[in-house]
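> Per the numbering used here, the sequence shown starts with residue -6, numbered consecutively.
Here a beta-carbon is modelled for each residue, glycine too, at the ideal position from N, C-alpha and C.
Given the structure is predicted, the values throughout are model-derived calculations rather than measurements.
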Amino acid sequence: MTNRATTPEAVRQTRAILEEVRRITTKPWNIMEICGGQTHAIMEYGLDQLLPEEITLIHGPGCPVCVTSLELIEQALQIAGMPDVIFTSFGDMLRVPGASRDLFSVRARGGDVRVVYSPMDAVKIARENPEKQVVFFGVGFETTVPAIAASILHAEKNQVDNFSVLPANVLVPPAMHAILQSPENRVNAFLAAGHVCAIMGYQEYEPIARRYKTPIVVTGFEPLDLALGILMTVRQLEEDRYAVENGYPRYVTREGNQPAQLLIKQVFEPVDRQWRGIGMIPQSGLGLRSDHRKFDATTRFDIQFTELSESPLCIAGSVLRGVAKPIDCPAFGIQCTPAHPLGAPMVSGEGACAAYYRYHKVR
Ligand code: SF4
């Protein structure tokens, strides 16, 4: 199969767009790509190297695995280690270090930890194992929530009462508010994550663009999409405009996927959530509504809390807030590598540190 990203026509168009970026840029601008998937594509194709020196790409907090709090990971580790529990998760979470261990180490000690590709797989496991409690670790941005909501409704309808979800989903717009309100903010514009907008649309970004006078461009994941998103953003900045524009119309509409949004609203409601390395962001997470709360793993299991602390070497919080790059971390590539990660951004497929390590920015 041809890789659309690297067809001669796509390369030609990407080069032409980057040339236009170079032509119109007159001032320094900091543009944050929100999604870690975009960070990986930028690093893989070296787009950051092809931009004029006035343009700095800042890597955002859009790695849900990376921002899952130590407290939630500790809850997951404790539940996964309980007898008669099957703990299920997307594969990315298994190697994410908690305060002192990860889900892999719980599995190595006999915990029944399984990788699933969909929360519905976890419901199936629950039906097949009625004597066990089956828990799904609900990590992700808005993109994963409709499937989790559907799995809860399915379990409810079919009385799969031994299924529950550890809710850890986070929302993009509150994180954008937090970044823009921070005294250390240096973001002039955002590339919004196309897959999140495919679900949520982009209406909810319009008040953010107006309030902070900050351009936002819905952007995809291929080099051509990213180059186009950067061009649309720089045009706005240079023309002193701050609108929300759609650079990914083949998948995104202003209204988004309304049936998926209804599904989310039916099962979840916004709650305050702690972001790893960033802190508490009001109304930035999703918790189960009261009529579905019996599927909430946090109320089903007795979890003991102890004092939790990060590795003192890890500056993931600064990386996730966009105030430092992975190569600013003294542990990058030395004490911290994908084989021996000190922080989540080095393990996740969407982590900025993993992107720098994988694509040519190794010390
Ligand atoms: S390189 Fe490792 S230690 Fe440094 S910020 Fe990234 S995850 Fe943390």
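Among the residues of its own chain, which have a CB less than 8 angstroms from the CB of residue 109, if the five just before and after it don't count?
81, 82, 83, 115, 118 and 129
> What do you get for residue 225, buried or exposed, if any count of 16 or more other CB atoms within 10 angstroms of its CB means buried?
buried
> Count the C-beta pairs between the segment 257 to 275 and the segment 237 to 245 that are closer than 8 angstroms, then say yes if the count reaches three, no if not.
No contact exists between the segment 257 to 275 and the segment 237 to 245.
> Could you tell me the distance, in whole angstroms, from the CA atom of residue 99 to the CA atom of residue 73?
7 angstroms
> Taking one C-beta from the segment 310 to 317 and one from the segment 28 to 41 each time, how about it: are there three or more such pairs within less than 8 angstroms?
no
> Out of 221, 26 and 78, which one is the CA nearest neighbour of residue 11?
221
> For residue 339, verify whether its CB is less than 8 angstroms away from any heavy atom of the ligand SF4.
For residue 339, the Cβ falls inside the 8 angstroms cut-off from some heavy atom of the ligand SF4.
> What does a CB cutoff of less than 7 angstroms around residue -5 pick up in its chain, not counting 5 residues either side in sequence?
The predicted model places residue -5 with a pLDDT of 46, which falls under 50 and marks its position as unreliable; any figure quoted below should be read in that light. The answer is none, since no qualifying residue turns up.
> Between the segment 276 to 294 and the segment 141 to 160, can you find at least three pairs of beta-carbon atoms closer than 8 angstroms?
yes
> If I follow the unbroken alpha helix (DSSP H) through residue 169, where does it start and stop?
For residue 169, the enclosing alpha helix (DSSP H) covers residues 165 to 174.
> Taking C-alpha atoms, which residue in 166, 173, 78 and 278 lies nearest to residue 186?
166
> May I ask you to report which of helix, strand or coil DSSP gives residue 116?
helix
> How should residue 77 be labelled, buried or exposed, when 16 other C-beta atoms within 10 angstroms of its C-beta is the threshold for buried?
Classification for residue 77: exposed.
> Please report the residue range of the beta strand (DSSP E) in which residue 69 lies.
In the DSSP assignment, residue 69 falls outside any beta strand (DSSP E) and within the unbroken alpha helix (DSSP H) covering 63 to 73.
> Could you please give the first and the last residue of the uninterrupted beta strand (DSSP E) stretch that includes residue 26?
In the DSSP assignment, residue 26 falls within the unbroken beta strand (DSSP E) covering 22 to 28.
> Spell out the partners DSSP gives residue 272 in its beta bridges.
268
> Helix, strand or coil: which one does DSSP assign to residue 297?
coil
> Who are residue 239's beta bridge partners in DSSP?
211
> Going by C-alpha distance, which of 212, 112, 125 and 106 is nearest residue 132?
Considering only alpha carbons, the answer is 112.
> Any heavy atom of the ligand SF4 within a distance shorter than 8 angstroms of the CB on residue 308?
yes
> How would you call residue 252, buried or exposed, if buried means at least 16 neighbouring beta carbons within 10 angstroms?
exposed
> At a threshold of 8 angstroms, does residue 312 count as lining the ligand SF4 (C-beta to nearest heavy atom)?
Yes, the ligand SF4 has a heavy atom inside 8 angstroms of this Cβ.
> Judging by CA-CA distance, which residue of 352, 168, 350 and 334 is the nearest neighbour of residue 90?
334
> Does the beta-carbon distance from residue 55 to residue 248 come in below 9 angstroms?
no
> Can you tell me which of the three DSSP states residue 234 falls into?
coil
> Assess, as a yes-or-no matter, whether the segment 208 to 217 is touched by the segment 4 to 18 under the definition of 3 or more beta carbon pairs within less than 8 angstroms.
Yes, since at least three Cβ pairs between the segment 4 to 18 and the segment 208 to 217 fall closer than 8 angstroms, the two stretches touch.
> In this structure, how does DSSP classify residue 160 when only helix, strand and coil are distinguished?
strand
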